[in-house]
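What follows is a single structure, written as structure tokens, with notes after it.
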Ligand code: ADP
Ligand code: MG
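In our numbering, the protein residues as written are 544 to 895.
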């Protein structure tokens, strides 16, 4: 096993043990909560429902949930499944319209919005470079075979969110260049939103939904106790709580992005899985993790990745200008963590 593979195997085990990426749920309640968990989109999911709907049994809910997630993953968004809708689109000849499902269309439309907002820092056409650096479906080994500048330059030529045409009226999408779309920075959040819509439709008022660290939280725990998610210290060791916050009954989505779990190291330099579309390289800066609160988990997910790519200064400016609830953890000396929290996020920090 190469160092790279060993690192990834280790990371996979870690994430299975952690059961989430960055957010931990504090004070698991034993009584009155129905829990459901499993695997999807290359990670785990955890669902907690307080008020069970009367219309369906827990078995029926479990069946619905796994069917919903399976469809979103294998049938639509997966780049691991050769026959998913996204994989088929990635093989579509240039300039030939491709009939897209409403789910793919919705995610690509939101991805474009965040791309425009972040001046291209979030760009789903960056997938070729994600793959080149070994973070895609095929396990390449950058530690053994480091990407050459000419390979980076060549792939960069076809990166550009504006080259992916979206025709809303016809529900068609078109590849305007030989890019490879990777939706890993937004699809988990979207799936969380879909789960939330499913439970909302059943009339469930209190839930905690999580896929790979992207969350949607509504209502309260039994006994009118607020859900208390915790932000994890951005280290790839045993999980430690960095900060807890409280939803106070609000319905919110939370997503995180960080450089501390999915990365590899060569010669002491850390290469994380967020790729900067401006230079085609893994981001490398003082920002260690970002957490975003929003109404939509898909939006929070994409924004967190966008901030991570932008780096502390530009991300902080953007979050301030757009009044986004965001929590940045950075390090100025590589040892001690510091944080910057926008006022909109401060509202959720616990005061007791
Ligand atoms: P996680 O998947 O751990 O939640 P993120 O939400 O930050 O982390 O998503 C990172 C993933 O997004 C990468 O693994 C890659 O597949 C994809 N990605 C990397 N760089 C970008 C980018 N600049 N824009 C959009 N997606 C990206
Ligand atoms: Mg993300």
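Glycine included, each C-beta is placed from N, C-alpha and C at the ideal position.
Looking only at 708, 731, 738, 725, the smallest Cα-Cα distance to residue 652 is reached by 708. Of 730, 883, 779, the smallest CA-CA separation from residue 618 is found for 730.
With a contact defined as Cβ atoms closer than 8 Å, residue 833 and residue 888 miss out at about 11 Å. With fewer than 16 other beta carbons inside 10 angstroms of its own, residue 746 counts as exposed.
Closest option to residue 723, judged by alpha-carbon separation, among 763, 754, 679, 711: 679. Within 6 Å of the C-beta of residue 666 there is at least one heavy atom belonging to ligand 1. In the DSSP assignment, residue 578 forms a beta bridge with 591. A Cβ-Cβ contact shorter than 7 Å links residue 733 with residue 650.
With a cut-off of 6 Å, the C-beta of residue 802 is classified as distant from ligand 2, since no heavy atom of the ligand falls inside that distance. Distance from the CA atom of residue 862 to the CA atom of residue 597, rounded to whole angstroms, is 41 Å.
Uninterrupted alpha helix (DSSP H) stretches at least 4 residues long and entirely within the segment 688 to 753 occur at 692 to 699, 730 to 744, given in chain order. Distance from the CA atom of residue 866 to the CA atom of residue 885, rounded to whole angstroms, is 8 Å. Nearest C-alpha to residue 853 among 812, 831, 711: 831. The beta carbon of residue 681 is closer than 7 Å to those of 674 in its chain, skipping five residues each way along the sequence. Here the segment 602 to 621 does not lie against the segment 761 to 778, with fewer than 3 beta-carbon pairs under 8 Å apart. The segment 595 to 624 is shown to contain whole alpha helix (DSSP H) runs of 4 or more residues at 601 to 613, in chain order. Taken through DSSP and simplified to helix, strand or coil, residue 766 comes out as coil. Between residue 845 and residue 728, the beta carbon gap of about 6 Å places them in contact (Cβ cut-off 8 Å).
In the DSSP secondary-structure assignment, residue 892 is bridged to 788. Contact between residue 738 and residue 752 holds, since their C-beta atoms are separated by about 5 Å, short of 8 Å. Residue 715 and residue 586 have their alpha carbons spaced roughly 30 Å apart. Residue 625 and residue 879 have their alpha carbons spaced roughly 43 Å apart.
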